[in-house]
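The structure appears right after this line, and notes come after that.
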Amino acid sequence: MKYTWGAAEEQDEIGVATGVARTAVGGDVLSVEVSVVDGKGDLTLTGSLGDVMKESAQAALSYARARSHSFKLPPKVFEENNIHIHVPSGAVPKDGPSAGVTLATALVSALGRLPVRKDVAMTGEVTLRGRVLEVGGIKEKVLAAHRAGIKTFVLPKKNNRDLEDVPSQVRRTLNFVPVENMDEVLAVALLPAMRAEG
Numbered sequence: 012m013k014y015t016w017g018a019a020e021e022q023d024e025i026g027v028a029t030g031v032a033r034t035a036v037g038g039d040v041l042s043v044e045v046s047v048v049d050g051k052g053d054l055t056l057t058g059s060l061g062d063v064m065k066e067s068a069q070a071a072l073s074y075a076r077a078r079s080h081s082f083k084l085p086p087k088v089f090e091e092n093n094i095h096i097h098v099p100s101g102a103v104p105k106d107g108p109s110a111g112v113t114l115a116t117a118l119v120s121a122l123g124r125l126p127v128r129k130d131v132a133m134t135g136e137v138t139l140r141g142r143v144l145e146v147g148g149i150k151e152k153v154l155a156a157h158r159a160g161i162k163t164f165v166l167p168k169k170n171n172r173d174l175e176d177v178p179s180q181v182r183r184t185l186n187f188v189p190v191e192n193m194d195e196v197l198a199v200a201l202l203p204a205m206r207a208e209g
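Numbering (this note's numbering), first residue to last: 12 to 209.
In structure tokens:
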């Protein structure tokens, strides 16, 4: 079987964020898609997600609910809509505690109708309060982002030390943004609403 690497998104999109994962063959980028439709508050998760990633999705949703006022979301947005979170890439099983920030970013993007920058990739787990926790596999993830054409790489601040393992020629091509909370992630990843119309 021929293995194909993921690539950065072709345009800034609402409800689509780019994460990075450590895989059996190194690392790869993966898109997280979120769709919000009229409904009764149901959450659907698809894309061969493992238990840990499902828990990350639930935590991301709880974070978005808790911060809904800050995001200027309508009061009943969660009760009057169904949320579908999908991680494509065929039937490849996806699991691990490093997609929380990507899930939360795609979710806030979809709910707030704010596009996500196509040239940003991110990794990190998120707590219910929005703190970003360190993860493993930084070298593999950075190499995957570089190979995919990503320009900005968002990572947990405590993982900064792991960048020493990344080849210097790769480090020079990426803008690294160490973060401690989701507010910092969203400030980098989301574009103003007016860009969504254009």
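C-beta: ideal position from N, C-alpha, C; glycine also.
What are the boundary residues of the alpha helix (DSSP H) that includes residue i?
i    : result
L54  : Counting along the chain, L54 falls outside any alpha helix (DSSP H), though it belongs to the beta strand (DSSP E) covering 54 to 57.
T184 : No alpha helix (DSSP H) holds T184; DSSP gives it neither H nor E.
H97  : Element bounds for H97: not the alpha helix (DSSP H) but the beta strand (DSSP E), 92 to 97.
L122 : 111 to 123
E66  : 62 to 77
Since residue i and residue j should fall inside the 8 Å C-beta cutoff, what is the C-beta to C-beta distance between them, to a whole number of angstroms?
i    : j    : result
A115 : V127 : No, A115 and V127 are not in contact; Cβ-Cβ is about 11 Å, not under 8 Å.
G111 : A71  : 6 Å
N93  : G50  : 3 Å
A32  : S109 : 7 Å
Determine the extent of the beta strand (DSSP E) in which residue i is found, giving its start and end residues.
i    : result
V31  : 27 to 34
G38  : 37 to 49
V165 : 163 to 167
Using beta carbons (cut-off 8 Å, strictly below), is residue i in contact with chain B?
i   : result
G26 : You won't find chain B in this structure, because it holds only one protein chain.
Can you name, in chain order, every residue of its own chain whose Cβ lies under 6 Å from the Cβ of residue i, other than the five neighbours on each side?
i   : result
E90 : G52
Going by DSSP, which residues form a beta bridge with residue i?
i    : result
E136 : L144
P86  : Partner(s): none; P86 has no beta bridge.
N171 : None; N171 has no bridge partner.
E24  : V127
As a quick exercise: from the options, pick the residue whose alpha carbon is nearest that of residue i.
i    : options          : result
S59  : V98, I94, R33    : V98
K162 : R78, V199, M193  : V199
V143 : L201, T34, K169  : K169
V119 : N192, K152, R76  : R76
D39  : G147, L154, V146 : L154
Only counting the same chain, and skipping five residues up and downstream in sequence, which positions put a Cβ closer than 7 Å to that of residue i?
i   : result
L56 : K65, A68, I96
L84 : L122, G123
T15 : Confidence is the limiting factor: at T15 the pLDDT is only 42, short of 50, which leaves the residue's position unreliable and the question unanswerable from this model.
Given residue i, which residues of its chain have a CB within under 8 Å of its CB, disregarding the five upstream and five downstream residues?
i    : result
L202 : D23, L125, P126, V127, R128
L185 : V153, A156, H157, I161, K162, T163, F164
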